[in-house]
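Asker: Just so you know, the numbering used here puts 187 at position 169 of the sequence shown, and the rest follows in order with no gaps.
Every residue, glycine too, gets a C-beta built ideally from N, C-alpha and C.
From a predicted model like this one, the values you see are computed outputs, not experimental measurements.
Supplied in structure tokens, the structure appears directly below.
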Amino acid sequence: DAETGKGTALAMTACMIYIMIGKEADSFYKARGFSAENSSKIRLPAVIRLSQIPQMLESSIQSLNLDAFAEAENAAVTELKSALASSGSPEFSKYVDRGLDMVREILRGKLKVPKISSHLTIPIDLTFTEDFSVKISVKNSGEGDATNMKLEWHIDEGLNIASGERTKTVPKIPAGETLDVSILLKSAEALGGTRDFSVVVRGTYEDKLKTEYSLQAGPAVLTLKDYKESEKLLHDCSVTEGRYGFLKASIEESEFEAEPLLRIADGLVSSLKQARTDIKEGHLDSAKARLQIVNDLVDQIDALLGDDALIEKVTATKLAEKKAYAMSKIIPAYNEAIASATKQETKLETELPLALSEWDASAEKKKRIHSAAVIIKDIAGQLKSKLITPELQVLDPSISDIQLEASKIVNDSHLIIGSRPQSPEKIEMALVVARSIRNEITQMMEKKKQELA
């Protein structure tokens with residue numbers, strides 16, 4: 019019986035080794051074979067119980083019965099290890115433990131296990147003279163319960179717990195539920211300036227197999243000050259809003275193009291409004307960043323408006339652009355006027371032959387009138403010398419009148435032809451006027467070019 023007990027202990031240990039290396043099916047098969055083969059020799063209750071340990075483990079795995087596993091584990095630890103020690107083979111005890119660990123892992127893979135996540139919620143805008151709450155939220159997002167949870171707060175020196183427990187034990191957090199635990203803290207003394215404190219929560223919990231896990235939330239940094247950050251930021255917002263009013267007036271009075279800068283300034287107002295909203299909602303870091311950006315932009319625009327060299331450069335550039343624009347409008351108008359004057363001159367020059375023909379016709383007409391008047395005058399003189407009878411002498415006054423009028427026509431200055439001109443007077447006058455206009459336009463254009471140079 020002693021040898022049978024020793025052999026059974028070694029055989030069951032071999033089965034535990036099979037389990038240890040992941041061949042639990044072979045382990046359970048060989049255990050059943052060993053019991054069947056040696057059933058006639060295994061008679062003592064203690065030996066029978068040893069031979070049943072693999073079957074107990076197999077049953078606990080198949081049924082997911084943790085109580086059955088606990089019973090098998092107890093038998094393996096108290097009875098199988100003792101049997102190994104009694105048989106002079108205590109060095110094999112470690113394989114029993116490792117086999118049990120593997121069974122535990124197999125069960126864990128089949129069982130619903132907890133999955134814990136945690137985070138700290140800390141307040142902002144804290145002072146040394148106020149109490150404030152710090153909260154840890156522990157969420158079980160797994161499928162199994164987390165049991166026997168222990169949480170402990172680790173707080174930097176200088177902070178005291180005003181209310182709440184430093185260490186807390188939670189019997190169970192069911193799957194899918196969240197646990198919130200808060201404590202009230204306060205600075206140990208009213209300090210000046212700014213100081214950072216660290217807060218960490220460390221803890222442990224177990225699954226159904228009593229396997230222990232650790233958790234940690236943090237460290238989180240609590241910043242305590244001797245003033246309210248939110249109040250300071252609101253004050254800074256008001257100061258910056260005042261700067262905006264002066265900035266807008268400066269933009270409107272500057273030499274720069276006002277519209278783009280005013281749009282930027284209006285955008286700064288929107289950012290300031292958002293900063294106030296951030297402060298109200300507790301997003302102080304975001305509000306501080308927005309306020310810093312707004313102030314930096316105001317500083318940049320102020321510097322821009324006060325840069326005399328840049329203003330002179332901008333003024334010169336704008337003047338050059340205006341001159342270039344004026345030239346772009348004047349030159350086409352000048353070219354059009356010169357073209358029109360030149361066209362008029364050309365037209366007058368083409369009319370010159372016709373005008374000379376008209377002059378020739380007029381001269382010929384004057385010549386004929388003058389000749390006719392001379393003939394009439396001479397005939398009238400001849401007739402007067404022949405009026406010797408009283409009957410004819412009554413015609414003397416009329417013939418004298420004819421002679422006088424003919425003499426007037428002969429001596430009329432309008433019938434003086436003169437020498438044939440190169441160009442008629444009206445054409446020459448029109449050409450002089452056209453050339454004068456063209457020269458006047460050219461002089462005006464040259465003067466404007468010099469002004470806009």
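#1: Could you tell me the alpha carbon to alpha carbon distance between Ser-69 and Ile-37, rounded to whole angstroms?
#2: Do Leu-309 and Ala-293 have their beta-carbon atoms positioned less than 8 Å apart in this structure?
#3: Within its chain, find whatever has a CB closer than 7 Å to the CB of Asp-143; leave out the 5 residues flanking it on each side and keep chain order.
#4: Need the endpoints of the alpha helix (DSSP H) that Arg-184 sits in, please.
#5: Return the residue from the list Glu-259, Ile-387, Val-287 that minimises the CA-CA distance to Ser-431.
#6: What is the rounded straight-line gap between the Cα of Ala-101 and the Cα of Ala-32?
#7: Identify the residues that DSSP records as bridge partners of Val-450: which are they?
#8: Three or more C-beta pairs under 8 Å: does that hold for the stretch 166–177 against the stretch 185–194?
#9: So what does DSSP say about Val-412, is it helix, strand or coil?
#10: Can you tell me whether Ile-15 is buried or exposed? The criterion is at least 16 other CB atoms within 10 Å of its CB, across all chains shown.
#11: Within the chosen definition, does the stretch 140–156 reach the stretch 107–127 through at least 3 CB pairs nearer than 8 Å?
#12: On the three-state DSSP scale, how would you describe Glu-195?
#13: Should the stretch 118–137 be called in touch with the stretch 151–165, which here means at least 3 C-beta pairs below 8 Å?
#14: Out of curiosity, what's the CA-to-CA distance linking Val-392 and Glu-446?
#15: Within its chain, find whatever has a CB closer than 8 Å to the CB of Tyr-262; leave out the 5 residues flanking it on each side and keep chain order.
#16: Residues in its own chain within less than 8 Å of Leu-125 by CB, not counting five upstream and five downstream?
#17: My output table needs one value for His-301: the three-state DSSP class, helix, strand or coil.
#18: Could you compute how far the alpha carbon of Ile-420 sits from the alpha carbon of Ile-427?
#19: Hey, quick one: how far does the beta strand (DSSP E) through Ser-216 stretch, first residue to last?
#20: From Ser-216, Glu-259, Asp-254, Ser-256, pick the residue whose C-alpha is nearest to that of Ala-238; which is it?
#21: With a Cβ-Cβ cutoff of 8 Å, do Lys-395 and Ser-425 count as a contact?
#22: Determine the contact status of Ile-311 and Leu-265, defining contact as a CB-CB distance below 8 Å.
#23: For Arg-220 and Glu-195, I'd like the C-alpha separation in whole angstroms.
#24: Does the beta-carbon of Lys-361 have 16 or more other beta-carbons within 10 angstroms, so that it is buried, or is it exposed?
#25: Between Asn-56 and Leu-129, what straight-line distance do the alpha-carbon atoms span, to the nearest angstrom?
#26: Determine the direct distance from the alpha carbon of Lys-306 to that of Leu-209, and round the result to whole angstroms.
#27: Check whether the Cβ atoms of Lys-153 and Ser-200 sit closer than 8 Å, and answer yes or no.
#28: Is DSSP giving Asn-158 helix, strand or coil here?
#29: Spatial neighbours of Lys-384 within its chain, please: C-beta separation below 7 Å, excluding the five flanking residues on both sides.
#30: Candidates Gly-211, Thr-258, Val-257: which alpha carbon is nearest Thr-241's?
#31: Go to Asn-429, then tell me how far its beta strand (DSSP E) extends in each direction, as first and last residue.
#32: Confirm, please, whether the CB-CB distance from Leu-422 to Leu-413 is below 8 Å.
#33: Along the chain, where does the alpha helix (DSSP H) containing Glu-55 start, and where does it finish?
#34: Once you ignore the five residues that flank Ser-198 on each side, which residues in its own chain have a CB closer than 7 Å to its CB?
#35: Bridge partners of Ile-134, per DSSP?
#36: Can you tell me where the alpha helix (DSSP H) with Leu-102 in it begins and where it stops?
Answerer: From the atom records:
#1: Numbered from its first residue, the sequence shown carries residue 69 at position 51. Numbered from its first residue, the sequence shown carries residue 37 at position 19. Each residue's alpha carbon lies about 15 Å from the other.
#2: Within the sequence shown, the letter at position 275 stands for residue 293. Within the sequence shown, the letter at position 291 stands for residue 309. Their beta carbons are under 8 Å apart, which means Ala-293 touches Leu-309 by this criterion.
#3: Stepping through the sequence shown from its first residue, residue 143 is reached at position 125. Answer for Asp-143: Lys-246, Glu-247, Ser-248, Leu-302, listed in chain order.
#4: The sequence position of residue 184 within the sequence shown is 166, counting from 1. Counting along the chain, Arg-184 sits inside no alpha helix (DSSP H), nor does DSSP assign it H or E at all.
#5: Indexing the sequence shown from 1 puts residue 431 at position 413. Scanning Glu-259, Ile-387, Val-287 for the CA closest to the CA of Ser-431 turns up Ile-387.
#6: Mapped onto the sequence shown, residue 101 falls at position 83. Mapped onto the sequence shown, residue 32 falls at position 14. Their Cα atoms are separated by approximately 14 Å.
#7: The residue given as residue 450 occupies position 432 in the sequence shown. None; Val-450 has no bridge partner.
#8: Taking 8 Å as the limit for Cβ pairs, the verdict is that the stretch 185–194 does touch the stretch 166–177.
#9: Position 394 of the sequence shown, counted from the start, is the residue given in the question as residue 412. In the displayed model, Val-412 falls within coil according to three-state DSSP, outside both helix and strand.
#10: In the structure as shown, the chain begins at 19 and stops at 471. Residue 15 is therefore absent and cannot be evaluated.
#11: Of all C-beta pairs linking the stretch 140–156 to the stretch 107–127, fewer than three are shorter than 8 Å, placing the two stretches out of contact.
#12: Start at 1 with the first residue of the sequence shown, and residue 195 comes out as number 177. In the structure shown, Glu-195 sits in coil (DSSP, three-state: anything other than H, G, I, E or B).
#13: Contact holds: three or more Cβ-Cβ distances are below 8 Å.
#14: Start at 1 with the first residue of the sequence shown, and residue 392 comes out as number 374. Start at 1 with the first residue of the sequence shown, and residue 446 comes out as number 428. In a straight line, the C-alpha of Val-392 is about 33 Å away from that of Glu-446.
#15: Here residue 262 corresponds to residue number 244 of the sequence shown, with the count starting at 1. Here the set comprises Ala-283, Leu-286, Val-287, Leu-290, Val-316.
#16: Along the sequence shown, one-based indexing puts residue 125 at 107. Within the same chain, Leu-125 has close Cβ partners Ser-78, Ile-79, Leu-82, Leu-84, Phe-87, Leu-227.
#17: Your numbering for residue 301 matches position 283 in the sequence shown. Coil at His-301, not helix or strand.
#18: Locating residue 420 in the sequence shown gives position 402, where the first residue counts as 1. Locating residue 427 in the sequence shown gives position 409, where the first residue counts as 1. Straight-line Cα distance between these residues: approximately 11 Å.
#19: One-based indexing of the sequence shown puts residue 216 at position 198. Where Ser-216 is concerned, the enclosing beta strand (DSSP E) stretches over 212–224.
#20: The residue labelled residue 238 in the question sits at position 220 within the sequence shown. Closest option to Ala-238, Cα to Cα, is Ser-216.
#21: Locating residue 395 in the sequence shown gives position 377, counting from the first residue. Locating residue 425 in the sequence shown gives position 407, counting from the first residue. With a cutoff of 8 Å on beta-carbon distance, Lys-395 and Ser-425 are scored as near each other.
#22: Position 293 of the sequence shown, counting from 1, holds the residue named residue 311. Position 247 of the sequence shown, counting from 1, holds the residue named residue 265. In this structure, Leu-265 does not lie closer than 8 Å to Ile-311 by Cβ.
#23: Numbered from its first residue, the sequence shown carries residue 220 at position 202. Numbered from its first residue, the sequence shown carries residue 195 at position 177. Their Cα atoms are separated by approximately 19 Å.
#24: Within the sequence shown, numbered from 1, the residue matching residue 361 stands at position 343. Per the 10 Å Cβ criterion, exposed.
#25: In the sequence shown, residue 56 corresponds to position 38, counting from 1. In the sequence shown, residue 129 corresponds to position 111, counting from 1. Cα to Cα, the separation comes out at about 35 Å.
#26: Taking the sequence shown and counting its residues from 1, one reaches residue 209 at position 191. Taking the sequence shown and counting its residues from 1, one reaches residue 306 at position 288. C-alpha separation (whole angstroms): 23 Å.
#27: Counting from 1 along the sequence shown, the entry for residue 153 is found at position 135. Counting from 1 along the sequence shown, the entry for residue 200 is found at position 182. Between Lys-153 and Ser-200, the C-beta spacing is below 8 Å.
#28: Here residue 158 refers to the residue found at position 140 when the sequence shown is read from its first residue. In the structure shown, Asn-158 sits in a strand (DSSP, three-state: E or B).
#29: Locating residue 384 in the sequence shown gives position 366, where the first residue counts as 1. Cβ within range, chain order: Leu-433, Ile-435.
#30: Within the sequence shown, the letter at position 223 stands for residue 241. Comparing Cα-Cα distances from Thr-241 to each of Gly-211, Thr-258, Val-257, the minimum goes to Gly-211.
#31: The sequence position of residue 429 within the sequence shown is 411, counting from 1. No beta strand (DSSP E) contains Asn-429, which DSSP labels as neither H nor E.
#32: Here residue 413 refers to the residue found at position 395 when the sequence shown is read from its first residue. Here residue 422 refers to the residue found at position 404 when the sequence shown is read from its first residue. Contact: no.
#33: By one-based count along the sequence shown, residue 55 stands at place 37. 42–55 is the extent of the alpha helix (DSSP H) around Glu-55.
#34: Counted from its first residue, the sequence shown places residue 198 at position 180. Looking at the sequence itself, residue 198 is Asp, so the reference to Ser does not match. So the qualifying residues of the chain are Lys-153, Ser-155.
#35: Here residue 134 is taken as the residue at index 116 of the sequence shown, counted from 1. Ile-134 is bridged to Asn-158.
#36: Residue numbering aside, residue 102 sits at position 84 when the sequence shown is read from its first letter. Its alpha helix (DSSP H) spans residues 99–104.
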